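In the working numbering, the protein residues as written are 6 to 87. Glycine included, C-beta positions come from ideal geometry on N, C-alpha and C. It should be emphasised that the depicted structure is a prediction, and the values quoted were computed from it without experimental measurement. Structure record follows, encoded as structure tokens.
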Amino acid sequence: MEWLLYALTVLTLWMTAFYAPDGRLAGYTLMYRLQGSDTVEQDDTYVLGDYRGNGLGLALKIANHRQLEPKGTDFTGLVELG
Numbered sequence: 006m007e008w009l010l011y012a013l014t015v016l017t018l019w020m021t022a023f024y025a026p027d028g029r030l031a032g033y034t035l036m037y038r039l040q041g042s043d044t045v046e047q048d049d050t051y052v053l054g055d056y057r058g059n060g061l062g063l064a065l066k067i068a069n070h071r072q073l074e075p076k077g078t079d080f081t082g083l084v085e086l087g
């Protein structure tokens with residue numbers, strides 16, 4: 006029930022993913038904004054072991070952050086969780 010309540014409070018979700026040439030999910034990251042919040046939260050970045058140490062996680066986060074720019078998102082902060 007707690008997860009359902011949490012899911013209902015998410016106002017906007019942004020996600021960026023990278024697929025390896027063999028079709029496996031090599032990495033992803035997501036950001037979300039909770040209803041009533043003026044802060045976007047960066048959370049849950051995953052990089053497959055074969056792709057770690059090559060900057061993929063950072064590249065995914067940068068690509069995700071760039072999604073905010075053209076949309077004119079009215080937020081006042083970006084928080085990295087964990």
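Inter-residue spacing [alpha-carbon to alpha-carbon] between residue i and residue j
i	j	result
K66	T17	16 Å
Three-state class that DSSP yields for residue i in the structure shown
i	result
G32	strand
R38	strand
D55	helix
A22	strand
L73	coil
Closest residue to residue i among the options (Cα-Cα distance)
i	options	result
D48	G60, H70, R57 and Y37	Y37
Q72	Y56, V45 and N59	V45
T21	E74, A64 and E85	A64
Contact set for residue i: own chain, Cβ-Cβ below 6 Å, skip 5 residues either direction
i	result
H70	none
8 Å Cβ cutoff met for residue i and residue j
i	j	result
L53	L30	yes
7 Å CB neighbourhood of residue i in its chain, flanking five on each side removed
i	result
G41	none
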